[in-house]
Amino acid sequence: MKLELLSAVELGRKIAAREISSREATTYFLDRVDFLDARVNAFVHVGRESALALSDQVDQALSSGQVASPLAGVPVALKDVLCTDSMPTTCGSRMLEKFQPPYTATSVANLLQAGLIPLGKTNMDEFAMGGSTETSFSGATRNPWSLERTPGGSSGGASACLAAGMAPLSIGSDTGGSVRQPAAFCGVCGLKPTYGRISRYGLVAFASSLDQVGPLAHTVEDLAASLQLLAGHDSRDSTSLNEAVPDYSAELERPLAGLRVGVIREHLEHPSLDAEVRQAVLRGQQMLKDLGATILDVTLPHTEYSVPTYYLVAPSEASGNLSRYDGVHYGFREKAENAEGSQLEAMIARSRSQGFGAEVKRRIMLGTFALSAGYYDAYYKKALQVRRLIADDYRQAFGSVDVLLGPVTPRPAFGLGENMSDPVQMYLEDLFTVGANLAGIPAISLPAGFSEGGLPLAIQLHAPALGEARLLNVAYQIQQARFFEPKIAELS
Amino acid sequence: MTSMPYKLVIGLEVHAQLSTSTKLFCGCSTEFGAPPNTQVCPVCLGLPGALPVMNQRAIELALRTGLAMNCQIDSVTKWDRKNYFYPDLPKGYQISQFDQPICGEGYLDFPDPEAPGEMLRVRLTRAHLEEDAGKSMHDEAGGKADSRIDLNRTGTPLLEIVSEPDMRSAQAAKAYLTELRLLLTYLGVSDCNMQEGSLRADANVNLHLEHEGRTVATPIVEVKNLNSFRAVERAIAYEAQRQFEAWKKTGQEMGQAPKQTRGWDDAAGVTVPQREKEESSDYRYFPDPDLVPLRITQQQLDTARGELGELPAVARRRLESSEGLKAYDADVIVSQGRGVLGYFDALIAAGASAKRVSSWIQQDVLRTLKEQNLEIEDFPITAERLAQLLVAIDAGDVDNSRGKDVFQYWLDTPSANLEQAKSALGIESVDRGEIESLCRELLEENPQVVAQVQDGNLKGLGSLIGAAKKKNPNADPKLVRQLCQAMIEAMG
Ligand SMILES: [Zn+2]
């Protein structure tokens, strides 16, 4: 049986029906990782022993009828930004190369509680800063569909491991598009939930007001089933929402008749938008129309400010969040021998110069500058004001439509190294995704077939805050209408 | 001070540790004196992914304090990050409050140390909550540069109470701090133990001089971490003199030199320049995205107001107006703290007269507490028992001096009731006739005293009282004196 061709929910069903044990499934995927990952570099850590031990426990619990979760026994890959007490957490950084957290992220703990089996930790841009997984201290991840291209970022390992069939489900994080963009580049589904829907406790912070854990999967059912486990209030995260978690899977079958879909004019008409991506969005629009939806033209007037706003807010918060990596308490330290002046300052400066990569340093500098006394009002404060305008744009739009449709990225997966010398070009790739983070609303990336060059294409849907059920419902209906088929890249 | 050629201008920043059982943003204990790094968790260690969750108790205590200090309380308060690098600051920023503190402008009245019965007022700028940092311990013995960090204190809730520069003398600053400490202990919001660092003060000091027809201000100096009342008084007095000398030498005025930070060397009795942890003091404050702004409800304010209890200023007025005590006596009782005031009130409630209670507390009770190093809560003589004695003295059943014998007896035998104490000490009432014959006896035995008194030297009467007590310990000294004097005059 080719387990990589099953969705996580299907695999869960087989495990629950005892057609296959969790141990067999886990072994199967671990073996695929062993066989394939040398070429993809999706994993930075594989926890074979702990995964097998855990799968035995789950098998035992299943045989005595103790686990009721539909994903019990199903392997899952975790982005290395999520703290795990049984595996290292490096965040793709030399700074945390040997860091072993003494605790586990709430989101991961929820998955463990439901009997999922973490296979290992997936590669990512350093501290989730980047759009190509090339800034990782562990080296770049490759796109299984074209090994000379990036899988996207920063959850590049999380999307690549799915595309190569090395895991049936994976968990990423999305600060400005870091789940949706790699999902789009790798031909899988990715969900960024409403800000606060999933606990951030144990998610290593990049930009606290934007970060959100999000699942990546082959099917919309898998996203719904995993969100069901991940979502909910956490008393350890003050920003987590104290709202009931709906039954996401129950909503999937709802017909789309009467649905109002807004097509984002600024996104569809954007000069940077690749023709094939544009065609994919138009195909999605037609499909929704065929499913009974009304299509409306919607405008998000502040779209052009979203990238600059994002690149002020996110680095500002990051400059604070990354201050703790000073070489004092844990993580990377470079000694201050032969330093002029204060040994302490030299130690901190050297640790940070050598522990962080170029992109992280660039953003720390940007954030430090934007928050500094003379520039706060001109940059940080202004960015917060514009952020409000952007959120208002979405609110306005959702006054007349239920979901918004547009592209995820301007173009399909770009080549490795292509944007590395041009950070601004790299930042512009986030144009269509950062809005959802700035507004705190949920958005989903869905596969939309392949380009003529054989690269995955994708479309994006947005919903109002806490509108995940509706969002997943629409996405599921599109999937059911065979808008896309889950596919695994063949690595020869 | 008036003889000085300058006006001293002082503002105090007082850090009071709030009496919460757990830290400001996590559940770790705040108990003092535990072995290093035993009261820590991922949150207070600032580990990657850990998130702060506000301690509601700290909010309650801060509100109670703000109301007692007549502060303006806005309906919304928020948290900010204050960024700086220091080894005992695990996150690289301190969570504090910048532009929306929990308590706004207020004031505190306190007894003028130089004019008994008069009050002085210090205006308060604000009081804000913040987390404490850890403690660095440097061991440089034997040429080692060995530093260790104890993070037990990290995250302990502090209320920083900032005054306007309204104090004009070191004594006034000390008196303000004394009243503030008294208020905080009455409110039960802080134990204000200065040895354990639960109350620390920084003093901002400068001088205003009349020079060539205009008022000149010297550069402000902040004297850090004053941890005793004596230190506050001495440091300010020293600093005033030092600034005056410096001004005579350099003529430097405010604005011509940056604000300086100095430390107080208690042993040497001097202030010494301190290198700032943060060279430029650009803390790059910005709203902490991990904590949502906090709404203060009317109900919270009402609850806090209900928990204020009787404040020292009100208690002083009550003791003066309702109990008829002199301002000085009322202040002594109230300044001993809520425990002694409660003891006073219990004595009054049991029927003893206020003036007698006041004098017994001030002379006997407080002396005993001091000698035996006791708190009033541990004082062996209950208020009920002492009240019985004082009522008996008021009624003339026991004379005041025999009452002191009972008091002494009770210190060792607190279980004895008044009758038992009296019989153990052989106290019985003596009738007037008996005293009269005793006095006659004494005059016959001491003709030289009679002659002295007749010459107008009344001192000799004292020796007669002593002799009378030897013959009959229950002889009321006042009556003996009175009768002897009358008889000698009659002999005249
Ligand atoms: Zn803690």
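Sequence order for the protein chains is A and B.
For the first sequence, counting from 1, position 74 maps to 74 in my numbering; every step adds exactly one.
Position in the second sequence counted from 1, then plus 1000, gives you my numbering.
The beta-carbon is built from N, C-alpha and C at its ideal position, and this holds for glycine as well.
- The DSSP-derived three-state label of W1360 (chain B) is helix.
- Against chain A, a Cβ distance below 8 Å from V1053 (chain B) picks out S235, R236, D237 and S238.
- Cβ-Cβ separation between S173 (chain A) and V277 (chain A): approximately 24 Å, too far for a contact (criterion under 8 Å).
- If you draw a 10 Å sphere on the C-beta of P1035 (chain B), you find fewer than 16 other C-beta atoms in it, and that means exposed.
- Counted as a single uninterrupted DSSP element, the stretch harbouring E1233 (chain B) is not any beta strand (DSSP E) but the alpha helix (DSSP H) occupying residues F1229 to T1250.
- Where P423 (chain A) is concerned, there is no enclosing beta strand (DSSP E), although the alpha helix (DSSP H) around it starts and stops at P423 to L428.
- In terms of beta-carbon proximity, A469 (chain A) stays away from the interface with chain B, with every pair separated by 7 Å or more.
- Going by beta carbons, H270 (chain A) and G406 (chain A) fall outside the 7 Å limit.
- In the displayed model, C1439 (chain B) falls within a helix according to three-state DSSP.
- Residues lining ligand 1 by the Cβ criterion, that is a Cβ closer than 5 Å to any of its heavy atoms, are B:C1026, B:C1028, B:C1041, B:V1043 and B:C1044 in chain order.
- Ranked by how close their Cα comes to the Cα of V1053 (chain B), the residues A:G152, A:S199 and A:A314 have A:S199 in first place.
- Using a Cβ-Cβ cut-off of 7 Å, E317 (chain A) is close to P1289 of chain B, given in chain order.
- A Cβ-Cβ contact shorter than 7 Å links G320 (chain A) with Y1093 (chain B).
- Legend: CB atoms of the segment 92-113 of chain A lying less than 9 Å from CB atoms of chain B belong to residues L96, F99, P101, P102, Y103 and A105.
- E1105 (chain B): not part of any beta strand (DSSP E); DSSP gives it neither H nor E.
- A Cβ of chain B is located within less than 7 Å of the beta carbon of Y201 (chain A).
- Interface annotation for the segment 369-381 of chain A against chain B: L371, S372, A373, Y376 and Y380, criterion Cβ-Cβ distance under 8 Å.
- Distances from the CA of G454 (chain A) to each of A:S132, A:N143, A:R333 and A:S170 were compared; the closest alpha carbon is that of A:N143.
- Under the 7 Å criterion on CB atoms, K1091 (chain B) is classed as interfacial with respect to chain A.
- The C-alpha of R1316 (chain B) lies about 43 Å from the C-alpha of P1258 (chain B).
- Each residue's CA atom was taken as its position, placing E1384 (chain B) and I1073 (chain B) some 42 Å apart.
- Taking the beta carbon of L344 (chain A) as reference, the chain B residues within 8 Å of it are P1087, listed in sequence order.
- Annotation: the continuous beta strand (DSSP E) that includes R1200 (chain B) extends over L1199 to H1211.
- For the set B:S1198, B:P1273, B:A1354 and B:R1262, the Cα lying nearest the Cα of E1031 (chain B) is the one of B:S1198.
- The residue from B:G1269, B:K1249 and B:F1344 with its alpha-carbon nearest to that of E1233 (chain B) is B:G1269.
- Residue environment: Q460 (chain A) is assigned as buried (16 or more neighbouring CB atoms within 10 Å of its CB, all protein chains considered).
- Judged by their CB atoms, L1063 (chain B) and A1313 (chain B) are not nearer to each other than the 7 Å cut-off.
- Judged by DSSP secondary structure, K382 (chain A) falls within the alpha helix (DSSP H) whose first and last residues are K382 to A397.
- The beta carbon of G1403 (chain B) lies closer than 6 Å to those of L1389 and I1393 in the same chain, with the five residues before and after it left out.
- Annotation: G1306 (chain B) to Q1298 (chain B) spans about 12 Å, alpha carbon to alpha carbon.
- Taking a contact to require three or more Cβ pairs closer than 8 Å, the segment 136-152 of chain A and the segment 57-73 of chain A do not qualify as touching.
- DSSP places M287 (chain A) within a helical segment (H, G or I) once states are collapsed to three.
- Among the residues facing chain A, N1204 (chain B) is not included, as its CB has no counterpart in that chain under 7 Å away.
- If you look at Q343 (chain A), you'll find it in the alpha helix (DSSP H) that goes Q343 to G355.
- Taken in chain order, the whole beta strand (DSSP E) runs of length 3 or more contained in the segment 85-163 of chain A are 117-122.
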